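The structure appears below as structure tokens.
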Amino acid sequence: MLRAGDWGASEALGQAAGRVESLRDRMQAARPLLEWLPALRELLRESGQWDLLRTDAAGIKGITALRLDDQAAADWGGWAHAQRRMPLREFTAWVNDVLEGVSFVPPHAGDEQVVVLPLSQLLGHPFAALVLPGCDERSLPASPEPPAGWTQAQRRLLGLPSREELGAAQRAAWRRALQAPCTEVLWRASDDTGERSLASPLVQALLAEGAASPAEDARALRAERATGVARPTVQAPGLAPTQLSASSYEDLRRCPYRFFALRMLGLREADEVEAEVDKRDFGTWLHAVLKTFHEALRDRPVPASERASLLDAIAREGIEGQRMGEGEFLPFAAGWPALRDGYLQWLQKHEAAGAEFESAESAHKVQLGPLTLEGRIDRIDRLPGGVSLVMDYKTEGLQVTRDRMKAPLEDTQLAFYAALLSDRQLEAAYLNIGERGDVKAVPHEHLPLAAHLLKEGVQAELRRIGQGAPLPALGEGRMCEFCAARGLCRRDGWSD
Ligand code: SF4
Numbered sequence: 115m116l117r118a119g120d121w122g123a124s125e126a127l128g129q130a131a132g133r134v135e136s137l138r139d140r141m142q143a144a145r146p147l148l149e150w151l152p153a154l155r156e157l158l159r160e161s162g163q164w165d166l167l168r169t170d171a172a173g174i175k176g177i178t179a180l181r182l183d184d185q186a187a188a189d190w191g192g193w194a195h196a197q198r199r200m201p202l203r204e205f206t207a208w209v210n211d212v213l214e215g216v217s218f219v220p221p222h223a224g225d226e227q228v229v230v231l232p233l234s235q236l237l238g239h240p241f242a243a244l245v246l247p248g249c250d251e252r253s254l255p256a257s258p259e260p261p262a263g264w265t266q267a268q269r270r271l272l273g274l275p276s277r278e279e280l281g282a283a284q285r286a287a288w289r290r291a292l293q294a295p296c297t298e299v300l301w302r303a304s305d306d307t308g309e310r311s312l313a314s315p316l317v318q319a320l321l322a323e324g325a326a327s328p329a330e331d332a333r334a335l336r337a338e339r340a341t342g343v344a345r346p347t348v349q350a351p352g353l354a355p356t357q358l359s360a361s362s363y364e365d366l367r368r369c370p371y372r373f374f375a376l377r378m379l380g381l382r383e384a385d386e387v388e389a390e391v392d393k394r395d396f397g398t399w400l401h402a403v404l405k406t407f408h409e410a411l412r413d414r415p416v417p418a419s420e421r422a423s424l425l426d427a428i429a430r431e432g433i434e435g436q437r438m439g440e441g442e443f444l445p446f447a448a449g450w451p452a453l454r455d456g457y458l459q460w461l462q463k464h465e466a467a468g469a470e471f472e473s474a475e476s477a478h479k480v481q482l483g484p485l486t487l488e489g490r491i492d493r494i495d496r497l498p499g500g501v502s503l504v505m506d507y508k509t510e511g512l513q514v515t516r517d518r519m520k521a522p523l524e525d526t527q528l529a530f531y532a533a534l535l536s537d538r539q540l541e542a543a544y545l546n547i548g549e550r551g552d553v554k555a556v557p558h559e560h561l562p563l564a565a566h567l568l569k570e571g572v573q574a575e576l577r578r579i580g581q582g583a584p585l586p587a588l589g590e591g592r593m594c595e596f597c598a599a600r601g602l603c604r605r606d607g608w609s610d
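For what it's worth, this note's numbering labels the leading residue of the sequence shown as 115, then goes sequentially.
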């Protein structure tokens with residue numbers, strides 16, 4: 115991106131860029147919706163767009179939809195989500211969603227040359243010519259199916275039209291359509307699935323009566339050879355990164371093309387505003403709760419009998435801190451007592467074996483030649499004998515966590531953390547915390563070897579990328595199911 119100083123000799127351009135930059139800078143910090151809206155209004159004012167929008171019908175519609183007016187903004191006051199801090203990306207996604215949800219129809223002058231209408235609304239519109247598309251057997255049946263949900267008797271009781279009445283109305287609309295001086299009737303020969311479809315029985319009757327004649331098809335057939343989409347691959351030696359996190363290395367191992375798209379190009383899916391608390395929010399909340407709980411216990415230990423109420427208080431604060439309503443948290447709140455008790459029981463045994471909490475979500479870095487490995491570790495405990503235990507919390511199914519250790523040398527996450535802490539004597543485990551309170555540690559049995567191989571592998575792989583090695587799309591495993599680069603690699607269109 116060009117910065118203000120990069121605009122060459124043009125002073126005017128440099129000043130304009132500097133002004134745009136200062137406007138952009140003010141919109142970077144996260145804030146609640148109630149503060150985003152005045153900031154956006156101010157931005158529009160200062161950039162000279164506010165008055166233009168206010169004099170334009172579509173602009174007014176946008177302002178109204180976003181509640182940008184002073185008084186309208188008060189409408190958001192009672193909405194709990196409006197109090198929650200949103201980063202810029204989330205606010206932008208919210209604006210997109212709101213604007214997508216409204217449509218602007220310009221006032222019409224009544225002098226259109228082409229009008230699109232449903233068949234049933236042709237009555238009283240004397241058109242010079244008519245095109246009736248979609249006259250196939252499914253879209254224009256002689257006797258339309260009444261909308262589902264009601265029996266014949268219920269429809270009668272509710273005064274809804276019967277199948278016969280719907281059929282009569284359809285045929286009447288059809289007859290009226292054919293009154294136009296010139297009518298072109300079109301139907302498709304096959305549907306979206308490629309299945310053949312016939313003309314509507316109404317069209318067939320017309321042809322049988324000789325009241326219409328088939329027109330010449332102006333389209334010419336053309337022979338085409340099917341060509342499949344090949345798996346993409348790319349070389350990007352100039353973009354080889356010099357910093358790597360555990361998750362980006364995981365991407366590189368599983369699918370180099372995904373690594374290229376998301377980590378080297380930095381592409382990202384547009385955020386959607388999620389009103390509901392999902393499993394990921396639950397995981398984030400639980401990580402934060404356990405961090406605060408263990409730091410509180412370390413700094414001010416409480417007797418075992420008081421741990422549950424301390425954890426409850428922190429959990430409650432966590433819900434408020436994330437600005438989640440009690441109602442939104444309800445699906446997880448029901449399981450909280452079991453989860454809390456299960457965790458505390460596990461902790462008691464863990465501590466009885468001599469483990470002692472050291473840190474949570476601590477940031478670490480290590481230099482490997484020109485490459486920096488960096489990561490944030492969920493939890494480090496001290497074990498007897500000067501050993502450190504690295505733990506990564508998992509709220510997924512236990513089997514999914516166990517599967518990570520089926521081939522321990524393939525797992526990158528714990529090995530990556532071990533590489534970050536290579537100056538320590540180390541053990542590592544995933545700590546699976548089930549929603550029903552089953553807490554199980556799944557240890558890494560070959561940690562030193564895995565860390566050694568990872569350090570060798572990561573350097574060699576990044577060296578190869580820097581030398582122009584291809585980054586192919588591998589397209590295997592669960593990773594493709596939720597991959598943000600799926601559209602880019604055309605995963606659904608590959609021919610192999
Ligand atoms: S969808 Fe699959 S193949 Fe395509 S980039 Fe993502 S992980 Fe790779």
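Note that the Cβ used here is the ideal one computed from N, Cα and C, for glycine as well.
Bear in mind that the values here come from a model prediction, so they are computed numbers and not experimental data.
- Would you list, in sequence order, the uninterrupted beta strand (DSSP E) runs of no fewer than 3 residues that lie entirely inside the region 333-360? Runs found: 357-359.
- Message: Comparing C-alpha positions only, which one of 578, 608, 533 sits nearest to residue 353?
- Response: As a first step, residue 353 must be located in the sequence shown, where it is residue number 239. The candidate whose alpha carbon is nearest that of residue 353 is 578.
- Message: Given the structure, does residue 56 come close to the ligand SF4, in the sense that its CB is under 8 Å from one of the ligand's heavy atoms?
- Response: Outside the displayed span of the chain (115 to 610) sits residue 56, for which this structure offers no information.
- Task: Let me know if residue 406 comes out buried or exposed under the rule of 16 or more other beta-carbons within 10 Å of its beta-carbon.
- Result: Within the sequence shown, numbered from 1, the residue matching residue 406 stands at position 292. It is buried - the Cβ of residue 406 has at least 16 other Cβ atoms within 10 Å.
- Return the CA-CA distance between residue 85 and residue 411, expressed in angstroms with no decimal places. The structure shown does not extend to residue 85, since the chain spans only 115 to 610, so no value can be given for it.
- Task: Identify which residue in 236, 513, 409 has its Cα closest to the Cα of residue 553.
- Result: The residue labelled residue 553 in the question sits at position 439 within the sequence shown. The option with the nearest alpha carbon to residue 553 is 513.
- Task: Taking only the alpha-carbon atoms, compute the straight-line gap between residue 269 and residue 259 and give it to the nearest angstrom.
- Result: By one-based count along the sequence shown, residue 269 stands at place 155. By one-based count along the sequence shown, residue 259 stands at place 145. Distance from the CA atom of residue 269 to the CA atom of residue 259, rounded to whole angstroms, is 13 Å.
- Task: Identify every residue that forms a DSSP beta bridge with residue 145.
- Result: In the sequence shown, the residue the question calls residue 145 occupies position 31. According to DSSP, which records beta bridges pairwise, residue 145 is partnered with 200.
- Query: Beta carbon of residue 375, beta carbon of residue 381: below 9 Å?
  - Reply: Counted from its first residue, the sequence shown places residue 375 at position 261. Counted from its first residue, the sequence shown places residue 381 at position 267. Yes, the pair counts as a contact, with Cβ atoms nearer than the cut-off.
- Message: Helix, strand or coil, according to DSSP, for residue 477 in the structure here?
- Response: Within the sequence shown, the letter at position 363 stands for residue 477. Here DSSP, grouped into helix, strand and coil, assigns residue 477 to strand.
- Query: For residue 608, which of helix, strand or coil comes out of DSSP?
  - Reply: If you number the sequence shown from 1, residue 608 lands on position 494. The answer is strand: DSSP assigns residue 608 an E or B state.
- Message: To the nearest angstrom, how far is the alpha carbon of residue 239 from that of residue 295?
- Response: The residue labelled residue 239 in the question sits at position 125 within the sequence shown. The residue labelled residue 295 in the question sits at position 181 within the sequence shown. Those two C-alpha atoms are separated by around 12 Å.
- Can you find a heavy atom of the ligand SF4 that lies under 8 Å from the Cβ of residue 602? By one-based count along the sequence shown, residue 602 stands at place 488. Indeed, a heavy atom of the ligand SF4 lies less than 8 Å from the Cβ.
- Within the present structure, is the beta-carbon of residue 588 separated from the nearest heavy atom of the ligand SF4 by less than 8 Å? By 1-based counting over the sequence shown, the position of residue 588 is 474. A heavy atom of the ligand SF4 is found nearer than 8 Å to the CB of residue 588.
- Confirm the yes/no value for this check: CB of residue 597, any heavy atom of the ligand SF4, distance under 8 Å. For this step, residue 597 is matched to residue 483 along the sequence shown. Checking every heavy atom of the ligand SF4 against the Cβ of residue 597, one is found closer than 8 Å.
- Query: For residue 503, does the three-state DSSP call read helix, strand or coil?
  - Reply: Locating residue 503 in the sequence shown gives position 389, where the first residue counts as 1. Secondary structure of residue 503 (DSSP, three-state): strand.
- Message: Considering just the uninterrupted stretch of the beta strand (DSSP E) at residue 520, what are its terminal residues?
- Response: By 1-based counting over the sequence shown, the position of residue 520 is 406. Secondary structure note for residue 520: it is in no beta strand (DSSP E), with a DSSP letter that is neither H nor E.
- Query: Just how far apart, CA to CA, sit residue 542 and residue 398?
  - Reply: Position 428 of the sequence shown, counting from 1, holds the residue named residue 542. Position 284 of the sequence shown, counting from 1, holds the residue named residue 398. Using only the alpha carbons, I get a separation of about 21 Å.
- Query: What separation, rounded to the nearest whole angstrom, lies between the Cα atoms of residue 549 and residue 360?
  - Reply: Within the sequence shown, numbered from 1, the residue matching residue 549 stands at position 435. Within the sequence shown, numbered from 1, the residue matching residue 360 stands at position 246. When rounded, the distance between both Cα atoms is 26 Å.
- Message: Just to confirm the assignment, what range does the alpha helix (DSSP H) spanning residue 453 have?
- Response: Looking up residue 453 in the sequence shown gives position 339. 450-466 is the span of the alpha helix (DSSP H), which, as asked, contains residue 453.
- Is the number of C-beta pairs between the region 461-474 and the region 491-500 that are closer than 8 Å three or more? The region 461-474 makes contact with the region 491-500; the number of CB pairs closer than 8 Å reaches 3 or more.
- For residue 375, is the beta carbon positioned less than 8 Å from some heavy atom of the ligand SF4? The sequence position of residue 375 within the sequence shown is 261, counting from 1. Because some heavy atom of the ligand SF4 lies under 8 Å away, the Cβ of residue 375 counts as near it: yes.
- Message: DSSP three-state label for residue 538, please.
- Response: Working through the sequence shown from its first residue, we reach residue 538 at position 424. Taken through DSSP and simplified to helix, strand or coil, residue 538 comes out as coil.
- Message: Using C-beta distances below 7 Å, list every residue in its chain close to residue 182, excluding the 5 sequence neighbours before and after it, in chain order.
- Response: The residue labelled residue 182 in the question sits at position 68 within the sequence shown. 151, 154, 155.
- Item | the ligand SF4 heavy atom lying under 8 Å from the CB of residue 605 | In the sequence shown, residue 605 corresponds to position 491, counting from 1. Residue 605 Cβ: within cutoff of the ligand SF4.
- For residue 557, which of helix, strand or coil comes out of DSSP? Position 443 of the sequence shown, counting from 1, holds the residue named residue 557. Looking at residue 557 - three-state DSSP - the assignment turns out to be strand.
- Item | Proximity below 9 Å, CB of residue 326 to CB of residue 233 | Along the sequence shown, read from residue 1 onward, the residue named residue 326 stands at position 212. Along the sequence shown, read from residue 1 onward, the residue named residue 233 stands at position 119. No, the pair does not count as a contact, with Cβ atoms beyond the cut-off.
- Query: Does DSSP put residue 127 in a helix, in a strand, or in coil?
  - Reply: As a working mapping, residue 127 is identified with position 13 in the sequence shown. In the three-state DSSP reduction, residue 127 falls in the helix class (H, G or I).
- Item | Neighbour-count burial assignment, residue 479, 16 or more Cβ in a 10 Å radius | What you label residue 479 is simply residue 365 of the sequence shown in a count that begins at 1. Residue 479 is exposed by the Cβ-count criterion.
- Query: Would you say the beta carbon of residue 371 comes nearer than 8 Å to a heavy atom of the ligand SF4?
  - Reply: As a working note, residue 371 is residue 257 in the sequence shown. Yes - the ligand SF4 has a heavy atom lying nearer than 8 Å to the Cβ of residue 371.
- Report all residues from its chain with a CB closer than 8 Å to the CB of residue 525; omit the five preceding and five following residues, and keep chain order. What you label residue 525 is simply residue 411 of the sequence shown in a count that begins at 1. Cβ neighbours of residue 525 beyond the five flanking positions: 518, 519, 558, 564.
- Item | Distance CB(residue 370)-CB(residue 585) smaller than 9 Å | One-based indexing of the sequence shown puts residue 370 at position 256. One-based indexing of the sequence shown puts residue 585 at position 471. Taking 9 Å as the cut-off, the beta carbon of residue 370 is found closer than this to the beta carbon of residue 585.
- If you draw a straight line from the alpha carbon of residue 485 to that of residue 358, how long is it in whole angstroms? To locate residue 485, count along the sequence shown from 1; it is residue 371. To locate residue 358, count along the sequence shown from 1; it is residue 244. Straight-line spacing of the CA atoms in residue 485 and residue 358 works out to 8 Å.
- Message: Output needed for residue 247: all residues of its chain with C-beta closer than 7 Å, excluding positions within five of it in sequence on either side, in chain order.
- Response: As a position in the sequence shown, residue 247 is number 133, starting the count at 1. The residues are 300.
- Opposite residue 489 in the DSSP bridges: which residues? Locating residue 489 in the sequence shown gives position 375, where the first residue counts as 1. DSSP lists 478 as the bridge partner or partners of residue 489.
- Can the beta-carbon of residue 562 be found closer than 9 Å to that of residue 599? By one-based count along the sequence shown, residue 562 stands at place 448. By one-based count along the sequence shown, residue 599 stands at place 485. No. Outside cutoff.
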